[in-house]
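Participant: Before anything else, here's the structure in question.
There are 2 protein chains.
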Amino acid sequence: MSGGNTDLQATNVALPKIPATAWAVLGILSFGRELTGYDIKNWSDAILHFFYWSPATSQIYTELRRLEDLGLVRSRAVARDEVREKTIYAITPLGTDALRTWQATVDAEAPVLKHGVLLRVWLGHLAEPTRLRQQIADHRARLIEELAAAEDSRQQADAQPDWAYPALVASWAVRRIEGEIELADSMLIDLDRLAQNR
Amino acid sequence: MSGGNTDLQATNVALPKIPATAWAVLGILSFGRELTGYDIKNWSDAILHFFYWSPATSQIYTELRRLEDLGLVRSRAVARDEVREKTIYAITPLGTDALRTWQATVDAEAPVLKHGVLLRVWLGHLAEPTRLRQQIADHRARLIEELAAAEDSRQQADAQPDWAYPALVASWAVRRIEGEIELADSMLIDLDRLAQNR
DNA sequence: CGTTGCATGTAAGGTGTTACATGATTAC
DNA sequence: GTAATCATGTAACACCTTACATGCAACG
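Printed below as a string of C-alpha cells:
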C-alpha cells in the first residue's frame, strides 16, 4: 500500500525543505484570496503575530518567490490604478497539497517563547527595583494594547463565514493575553514584596 | 547625582551591538559561578528555555568567545580529570557593568511566540479532524512534561539563597504552562464541537 | 502641502542552526 | 561492552533582519 505512487498532479519530486515562514505565507493564501505581498504582511501583523510572530516585509517577498518557483503559488499582475500595476498571488492545487501534507506529517516543533522582559526580571539582582518595576508596568501596558488588537482579530474572524479555525485560535490568543496580564499583575505584587523585604 | 561619570574601570568605549543570546549567556554567568560552555548549555535548557528559548551548543561557544574578546568574561583552564582540562568562564566587573546597563537602558522587545501547533490549528480547514485533534493531544502531553520540568526548576530556584528573582520567573513559568494546558483542553472541546457540527 | 498608506523590492550582514568530529569517563 | 555524560569545537549554510530606495495616491 505504500509503494504505489499513483499521484496525478503531484509530481511529488520531494520538495526541498521549506522554511517555516514560507509555510505561514502559503497558509495565509490557503484561505482562497488573491493577495499582494503587502496584504500578506498586513495579515501577518494583524493575525499571525499573536501566535507565530511576523516576518519582515522583505522576507515575505523572498518567500513568495520561493513558493512560486516551486509551483506552490502563482502570480498575476492586475491594475492598481490608471497608471500602475500590482502583483497578486494565489495558492495552486499543488500548493494546497503540499500544505496539507506538511500539516499532517511534519511534527510541530515545541513552541518557543522569547520574552525579553522576563529575562530582565530573571536578572533582577542586577537591577534597580524601581526601574524593574517600571519595565513590568510598561510590559503590562503593551499587553493591554495587544489585548484590544487580539479582540479585534477575533471579531473579524467571527464575522467571516468558514473561519471557525482562525476564530478558535484568535480566542485562544485573547485568553492567553488575559492570562499574561494577570501574571504581570501578580509579578508586580511579588516585586513590591521583594523590594520591601530587600 | 546622575551627571558624575566617576567610573573607575568602565572605559565605556561604546560596546558593539551584542546579540540577545550573548546577553543571556552573560546573564547566566552573572550569578557568580564559574561555568563551562557545557554547563551554560545545561542551564539554558533547564531554566532559560521556559521564557527565552535555548540556543544550540555551538552557539554558546561562539558567544563566549565574543564576550571574552570584549572583556566581559574571562576564562581559565582547570583540571577535569588526571588527563584533561576544561575551560571555565566567569563574568568580569566590566561584564557586570555592561549587563546592568543593558538591563536598565535597552528596551525589551515585544515578546515573541512561535507556536507551530497553533499555526496548524489555524489551518484546520485543510486538516483531517482526527489528525488535528491528535496533534493538540500530543501538544498537551508535551505540556504536562514541561510542567514537571518547570516545577523542578522552581524548586531548585527556591532552594538557592539569593535566587528570589529566578524563583519569581520560575513560578511565572509554571503558571503559564498551567494556563496553556487549560487552553489546550478547551481547544480540544471546541474542536470536537466543530467536528460534530461539521 | 506634509504625512500616511500602498506596493515592491535590493543589498549587506549577522544570528543561529545542522551536521559532523573527537575522545575519555562513568554508569548499567 | 555499550550507552550516556562530559566537553569542545569547525564548517557550511540558511534564515531573517536592517537599512535603504522608490514613487504615486489619498487624506488632513
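So the sequence lines, in the order shown, correspond to chains A and B.
Take 1 as the starting number for the first sequence in the working numbering and just add one per residue.
Take 1001 as the starting number for the second sequence in the working numbering and just add one per residue.
Cβ coordinates follow ideal geometry from the N, Cα and C atoms, glycine included.
1) Against B/Ser1153, what residues of chain A qualify as contacts under a CB-to-CB distance less than 7 Å, listed in chain order?
2) Report the residue from B/Leu1183, B/Leu1191, B/Ser1186 and B/Ala1024 whose alpha carbon sits nearest the alpha carbon of B/Trp1102.
3) Whose Cβ in chain A lies nearer than 9 Å to the Cβ of B/Arg1033?
4) What ranges does the alpha helix (DSSP H) occupy inside the region 1093-1129 of chain B, keeping only unbroken runs of at least 4 residues that lie completely in it?
5) In whole angstroms, what separates the C-alpha of B/Leu1067 from that of B/Ile1088?
6) Evaluate A/Gln134 with the Cβ neighbour count: other Cβ atoms within 10 Å of its Cβ, from every protein chain shown; 16 or more gives buried, anything less gives exposed.
7) I need the DSSP call for A/Lys86, collapsed to helix, strand or coil.
8) Rounded to a whole number of angstroms, what is the C-alpha to C-alpha distance between B/Glu1246 and B/Arg1154?
9) Taking the beta strand (DSSP E) that B/Ala1077 falls in, what are its first and last residues?
10) Quick one: what's B/Ile1091 bridged to in DSSP?
11) Is any beta-carbon of chain B found at less than 8 Å from that of A/Gly179?
12) For B/Lys1114, which residues from the same chain have a beta carbon less than 8 Å from its beta carbon, with the 5 sequence-adjacent residues on both sides left out?
13) Against A/Lys217, what residues of chain B qualify as contacts under a CB-to-CB distance less than 7 Å, listed in chain order?
14) Can you list, in chain order, the residues of its chain whose CB lies under 7 Å from that of A/Ile177, leaving out five sequence neighbours each side?
15) Spatial neighbours of A/Leu132 within its chain, please: CB distance less than 8 Å, with the 5 preceding and 5 following residues excluded, ordered by chain position.
16) For the structure I just gave you, are there three or more beta carbon pairs, one from the region 1059-1078 of chain B and one from the region 1021-1040 of chain B, closer than 8 Å?
17) So A/Gly71 and A/Thr105 are in contact, right, with Cβ under 8 Å, and what is the actual spacing, rounded?
18) In this structure, how does DSSP classify A/Leu35 when only helix, strand and coil are distinguished?
19) Of the residues that make up the region 1043-1073 of chain B, which ones have a beta carbon closer than 7 Å to any beta carbon in chain A?
Facilitator: From the atom records:
1) Numbered from 1 along the second sequence, position 153 holds the residue referred to as residue 1153 of chain B. Simply none; closest approach about 11 Å.
2) Numbered from 1 along the second sequence, position 102 holds the residue referred to as residue 1102 of chain B. Residue B/Ala1024 holds the alpha-carbon nearest to the alpha-carbon of B/Trp1102 among B/Leu1183, B/Leu1191, B/Ser1186 and B/Ala1024.
3) The sequence position of residue 1033 of chain B within the second sequence is 33, counting from 1. Under a criterion of Cβ atoms nearer than 9 Å, no residue of chain A is adjacent to B/Arg1033; the nearest Cβ is some 13 Å distant.
4) The qualifying runs are 1093-1105 and 1116-1122.
5) Sequence index remark: in the second sequence, residue 1067 of chain B carries index 67 (1-based). Sequence index remark: in the second sequence, residue 1088 of chain B carries index 88 (1-based). If you take the alpha carbons of B/Leu1067 and B/Ile1088, they lie about 13 Å apart.
6) Taking the first residue of the first sequence as 1, we reach residue 134 of chain A at position 134. Counting other Cβ atoms within 10 Å of its Cβ, A/Gln134 stays below 16 and is therefore classed as exposed.
7) Residue 86 of chain A sits at position 86 when you count from the first residue of the first sequence. The answer is strand: DSSP assigns A/Lys86 an E or B state.
8) Outside the shown range of chain B (1001 to 1198) lies residue 1246 of chain B, about which nothing can therefore be said.
9) Taking the second sequence and counting its residues from 1, one reaches residue 1077 of chain B at position 77. Looking at the DSSP string, the run of the beta strand (DSSP E) that includes B/Ala1077 is Val1073 to Ala1079.
10) Within the second sequence, numbered from 1, the residue matching residue 1091 of chain B stands at position 91. In the DSSP assignment, the residues bridged to B/Ile1091 are B/Val1073.
11) Here residue 179 of chain A refers to the residue found at position 179 when the first sequence is read from its first residue. At least one chain B Cβ lies under 8 Å of A/Gly179.
12) On the second sequence, position 114 is the one that residue 1114 of chain B refers to. Around B/Lys1114: no qualifying Cβ.
13) Lying before the first or after the last residue shown, residue 217 of chain A is absent from chain A, which here runs from 1 to 198.
14) The residue given as residue 177 of chain A occupies position 177 in the first sequence. Here the set comprises Leu143, Glu146, Leu147 and Ala150.
15) Position 132 of the first sequence, counting from 1, holds the residue named residue 132 of chain A. So the list reads Arg120, Val121, Gly124 and Leu191, once near-sequence residues are dropped.
16) Output reads yes: the region 1021-1040 of chain B touches the region 1059-1078 of chain B.
17) Counting from one through the first sequence, the residue named residue 71 of chain A turns up at place 71. Counting from one through the first sequence, the residue named residue 105 of chain A turns up at place 105. Not quite, the Cβ-Cβ distance comes to about 19 Å (not below 8 Å), so this is no contact.
18) Translated into the one-based positions of the first sequence, residue 35 of chain A becomes position 35. In the three-state reduction of the DSSP assignment, A/Leu35 falls in the strand class, which pools E and B.
19) Within the region 1043-1073 of chain B, the residues whose Cβ lies closer than 7 Å to any Cβ of chain A are, in chain order, Phe1051, Tyr1052 and Trp1053.
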